[in-house]
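K.L.:
Numbering (my numbering), first residue to last: 10 to 508. For each residue, glycine too, the CB sits at the ideal point set by N, CA and C.
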């Protein structure tokens, strides 16, 4: 008879001490990642400020290029790298060091292949934008920024997987400090390249590339010094290539889910250009996107860390703790959402003044900011829910939810309200609100009502022991049968104890 594990069965209420312990675990990881995300946000703001110093043409060209590179490049790389989350976290939980290191190597190979078509798009940005009838001068400036940003693609093929690799092991403070040191030199780099050297737009792009390179080198140094004991090179190139298929099955849906959400904000920017006062609407949209990006730093950190926590516990065969981590994270997400609602209502009349002196623009921002706060009430739980689904190796479900919510709910509502019912600029953001609400409800239903935590623990064992190693042996079916028999015995023992 199998020995009963108290952490295997998820159908029990946690004690207060267990909740407190999980909060410490979760925020011990999430706070440094939140700080890191804020530092990355500051780096982006510094780049925009230096573009603004150069002039309105340079700022417009840089903004166009940043939007294009985010859509076609960075969103894809971040999305693909997030496919590592279930594999690395579950491998770490099960102490499968071979799989942990091999998965990182495989993801780097995948991203190296992915940047080839992305590079071709970036090189041809000018032709693409002119075909779309964009302004020639702005397009030329954007193309310059894009060309000088090309080396950043190679840097991100290492940087993005390293972030997931370290986070899946609970290593978050070193990431924060590596980012802090790199961003600390970002302002001097911009000043030297843009002001002293007079390089202009290429200088801003080069400063961003060098900052990310600095960040990547520091993280690689950390892995080399402190993580060599779990770094393995097994089976050579054949072993790496043999496991690309299973990893792609996780990476591609993760990428689609993230890209669908990122791209929706760019669609809103385009739609704003068709409103009666397009210049005012597009400017206000830019402020709204900057605001949501700032608010997104916390739920994004929470989602990444709960993905790691859920994966770790499933990998170690403790579905009860995995479910506890998910529930605690979702509760925290709702609290964060309420905080965002409160501050957006209180500061709605002052927030726009931080970005512009235009009173009409400030008034438009003030009218929409509370709607953005309500959006975060849905966005925080839905982002966290997506992290939980990635931790359970179910990114396909997350991608389907994002597709349905943003494009079959949010987009029709935004178009109907903004243009057909003549609600105007606010209608676009009510569309986002409906998308976030649909996404949050779908994620919560999936996590709470459709997730078999005990079954996910067995899948984690299968994922880490067989499929992701790039081969299947003859005993795999026997192992599955033994796993099922073991669970049946444990369930029988559990119900035998019920009077």
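Where do the ends of the alpha helix (DSSP H) carrying residue 341 lie?
P.N.:
Residue numbering aside, residue 341 sits at position 332 when the chain shown is read from its first letter. Segment 328-355, the alpha helix (DSSP H) holding residue 341.
K.L.:
Check residue 364 in the structure and name its three-state DSSP category.
P.N.:
Position 355 of the chain shown, counted from the start, is the residue given in the question as residue 364. Correct three-state label for residue 364: coil.
K.L.:
Is it the case that the Cβ atoms of residue 387 and residue 341 are separated by a distance below 8 Å?
P.N.:
Within the chain shown, the letter at position 378 stands for residue 387. Within the chain shown, the letter at position 332 stands for residue 341. Against a cut-off of 8 Å, the Cβ pair of residue 341 and residue 387 comes out as no contact.
K.L.:
Cβ of residue 296 within 8 Å of Cβ of residue 205?
P.N.:
Start at 1 with the first residue of the chain shown, and residue 296 comes out as number 287. Start at 1 with the first residue of the chain shown, and residue 205 comes out as number 196. Result no, Cβ atoms of residue 296 and residue 205 do not sit closer than 8 Å.
K.L.:
How close, in whole Å, do the beta carbons of residue 227 and residue 215 come, if the pair is a contact with beta carbons under 8 Å?
P.N.:
Translated into positions along the chain shown, residue 227 becomes position 218. Translated into positions along the chain shown, residue 215 becomes position 206. Wrong, their Cβ atoms sit about 19 Å apart, outside the cutoff.
K.L.:
Quick one: residues in its chain with C-beta nearer than 7 Å to the C-beta of residue 530, no 5 flanking neighbours on either side, listed in chain order?
P.N.:
This structure cannot speak to residue 530, because the chain is shown only from 10 to 508.
K.L.:
Do you know whose CA, among 62, 89, 465 and 31, lies nearest residue 326's CA?
P.N.:
The sequence position of residue 326 within the chain shown is 317, counting from 1. The residue with the shortest Cα to Cα distance from residue 326 is 465.
K.L.:
Looking at chain C, is there any beta carbon in it that lies within less than 8 Å of the beta carbon of residue 217?
P.N.:
You won't find chain C in this structure, because it holds only one protein chain.
K.L.:
Indicate whether the contact test is met: 3 or more Cβ pairs, each with one atom in the region 55-67 and one in the region 91-110, closer than 8 Å.
P.N.:
Too few Cβ pairs lie closer than 8 Å, so no.
K.L.:
With DSSP as the reference, label residue 432 as helix, strand or coil.
P.N.:
As a first step, residue 432 must be located in the chain shown, where it is residue number 423. Of the three classes helix, strand and coil, the one that applies to residue 432 here is coil, per DSSP.
K.L.:
Please work out which residues of its chain come closer than 8 Å, Cβ to Cβ, to residue 343, disregarding the five sequence neighbours upstream and downstream, and give them in chain order.
P.N.:
Mapped onto the chain shown, residue 343 falls at position 334. Within the same chain, residue 343 has close Cβ partners 386, 389 and 390.
K.L.:
Helix, strand or coil for residue 300, going by three-state DSSP, please let me know.
P.N.:
As a working mapping, residue 300 is identified with position 291 in the chain shown. Helix.
K.L.:
Just how far apart, CA to CA, sit residue 351 and residue 444?
P.N.:
The residue you call residue 351 lines up with position 342 of the chain shown. The residue you call residue 444 lines up with position 435 of the chain shown. Rounded to whole angstroms, residue 351 to residue 444 spans 21 Å at the Cα level.
K.L.:
Would you say the beta carbon of residue 372 comes nearer than 7 Å to a heavy atom of the ligand NAP?
P.N.:
This structure lacks the ligand NAP, and indeed carries no ligand of any kind.
K.L.:
Buried or exposed: where does residue 300 fall if 16 or more other Cβ atoms within 10 Å of its Cβ makes it buried?
P.N.:
Here residue 300 is taken as the residue at index 291 of the chain shown, counted from 1. That one is buried.
K.L.:
Report yes or no: do three or more beta-carbon pairs, one from the region 132-149 and one from the region 360-370, lie closer than 8 Å?
P.N.:
No, because fewer than three Cβ pairs between the region 132-149 and the region 360-370 fall closer than 8 Å, the two stretches do not touch.
K.L.:
For the region 282-294 against the region 112-131, do three or more pairs of beta-carbon atoms, one drawn from each stretch, fall closer than 8 Å, so that the two count as touching?
P.N.:
Flag = no, the region 282-294 and the region 112-131 do not touch.
K.L.:
Go ahead and pull the three-state DSSP assignment for residue 263.
P.N.:
The residue you call residue 263 lines up with position 254 of the chain shown. Three-state result, residue 263: helix.
K.L.:
Helix, strand or coil for residue 282, going by three-state DSSP, please let me know.
P.N.:
As a working note, residue 282 is residue 273 in the chain shown. DSSP places residue 282 in coil when its eight states are reduced to three.
K.L.:
Only counting the same chain, and skipping five residues up and downstream in sequence, which positions put a Cβ closer than 6 Å to that of residue 258?
P.N.:
For the purposes of this step, residue 258 is identified with residue 249 of the chain shown, where counting begins at 1. So the list is empty, once near-sequence residues are dropped.
K.L.:
Note down, one range per segment and in chain order, each beta strand (DSSP E) of at least 3 residues found wholly within the region 144-175.
P.N.:
If we require 3 residues or more, the region 144-175 turns out to have no beta strand (DSSP E) run fully inside it.
K.L.:
May I have the straight-line CA-CA distance separating residue 4 from residue 263, to the nearest angstrom?
P.N.:
Nothing about residue 4 can be reported from this structure: the residues present for the chain run from 10 to 508 only.
K.L.:
Pick out the complete alpha helix (DSSP H) segments inside the region 171-203, 4 residues or longer, and give them in chain order.
P.N.:
Complete alpha helix (DSSP H) runs here, min 4: 182-193 and 195-199.
K.L.:
Considering residue 108, what are the terminal residues of the alpha helix (DSSP H) in which it resides?
P.N.:
For this step, residue 108 is matched to residue 99 along the chain shown. Start and end: 106-132.
K.L.:
What residue does the alpha helix (DSSP H) around residue 26 start on, and which one ends it?
P.N.:
One-based indexing of the chain shown puts residue 26 at position 17. First-last of the alpha helix (DSSP H) with residue 26: 25-63.
K.L.:
What did DSSP end up calling residue 225 once you bin it into helix, strand or coil?
P.N.:
What you label residue 225 is simply residue 216 of the chain shown in a count that begins at 1. It is helical.
K.L.:
Measure the alpha-carbon distance for residue 431 versus residue 280 and round it to whole angstroms.
P.N.:
Taking the chain shown and counting its residues from 1, one reaches residue 431 at position 422. Taking the chain shown and counting its residues from 1, one reaches residue 280 at position 271. Computed Cα separation, rounded: 13 Å.
K.L.:
Taking Cβ positions, are residue 294 and residue 278 nearer each other than 8 Å?
P.N.:
What you label residue 294 is simply residue 285 of the chain shown in a count that begins at 1. What you label residue 278 is simply residue 269 of the chain shown in a count that begins at 1. Contact: yes.
K.L.:
With a cut-off of 8 Å, do at least 3 Cβ pairs link the region 264-271 to the region 405-415?
P.N.:
Touching, yes, given that three or more Cβ pairs across the two stretches are closer than 8 Å.
K.L.:
Taking the alpha helix (DSSP H) that residue 142 falls in, what are its first and last residues?
P.N.:
On the chain shown, residue 142 is found 133 positions in, with the first residue counted as 1. That residue, residue 142, is in no alpha helix (DSSP H); it is neither H nor E in DSSP.
K.L.:
Rounded to whole angstroms, what's the CA-CA distance from residue 219 to residue 454? Just pull it up for me.
P.N.:
Along the chain shown, one-based indexing puts residue 219 at 210. Along the chain shown, one-based indexing puts residue 454 at 445. If I take the Cα positions, the gap works out to 43 Å.
K.L.:
Would you kindly report the start and end of the unbroken alpha helix (DSSP H) that includes residue 98?
P.N.:
Position 89 of the chain shown, counting from 1, holds the residue named residue 98. Start and end: 93-102.
K.L.:
State the DSSP-derived secondary structure class of residue 401, mapped to helix, strand or coil.
P.N.:
The residue given as residue 401 occupies position 392 in the chain shown. In the structure shown, residue 401 sits in coil (DSSP, three-state: anything other than H, G, I, E or B).
K.L.:
Excluding the 5 residues preceding and the 5 following residue 25 in the sequence, name in chain order all residues of the same chain whose CB lies nearer than 6 Å to its CB.
P.N.:
The residue you call residue 25 lines up with position 16 of the chain shown. Result list for residue 25: empty, nothing under 6 Å.
K.L.:
According to DSSP, simplified to helix, strand and coil, what is residue 460?
P.N.:
Here residue 460 corresponds to residue number 451 of the chain shown, with the count starting at 1. Looking at residue 460 - three-state DSSP - the assignment turns out to be coil, as it is neither helix nor strand.
K.L.:
For residue 80 versus residue 272, is the C-beta distance shorter than 8 Å?
P.N.:
Translated into the one-based positions of the chain shown, residue 80 becomes position 71. Translated into the one-based positions of the chain shown, residue 272 becomes position 263. Yes. Within cutoff.
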